[in-house]
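Counting in the numbering used here, the sequence shown runs from 1 upward without gaps. Note that the Cβ used here is the ideal one computed from N, Cα and C, for glycine as well.
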Amino acid sequence: MRASKDELSQAVDTLAQRPGIRGCALVEAGSGMVWTAHGELAAQASLWEAASDHWRLHRRHAAHFGCLGDFIAVALYHADGLIAVFRCAADPELLFIAVGQHRAVDWPTLQRMGMRIGELVAGRG
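The structure is reproduced here in structure tokens:
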């Protein structure tokens, strides 16, 4: 059974509360539509939409990076933080996007936890 909108929202909110995280969102990959966003940056809809644009750009150019293996994530480093974009669900294609401090976040663990949100969407969580 697929998770309800409230369950998905709660799962994203839980990740937004992790140390070093400034915000997290679940975003539709094709349209950039924000399903839910949490944390101090939750209201920054254009941030989440723009991050999904980076995902689409990298997907379009994936063939150029084939020598590096499968495309897994987009990481954008800025002076005051990092934006990480991970695909977490296939149908519909959803992105888990997180913004946090560079070294204050365990990014591999956060990615695995974001993938669990995709399992909730698919009804496997």
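- Between residue 98 and residue 24, the C-beta spacing is below 8 Å.
- Just measuring C-alpha positions, the residue of 58, 109 and 78 sitting nearest residue 71 is 58.
- Here residue 21 really is in contact with residue 39; their C-beta atoms are around 6 Å apart, less than 8 Å.
- Straight-line spacing of the CA atoms in residue 82 and residue 76 works out to 6 Å.
- Per DSSP, residue 124 lies in no beta strand (DSSP E) segment and is marked neither H nor E.
- Per DSSP, reduced to three states, the secondary structure at residue 102 is coil, with no helix or strand assignment.
- With fewer than 16 other beta carbons inside 10 angstroms of its own, residue 65 counts as exposed.
- Contact between residue 107 and residue 84 holds, since their C-beta atoms are separated by about 6 Å, short of 8 Å.
- Secondary structure at residue 118: helix, using DSSP grouped into helix, strand and coil.
- In the displayed model, residue 50 falls within a helix according to three-state DSSP.
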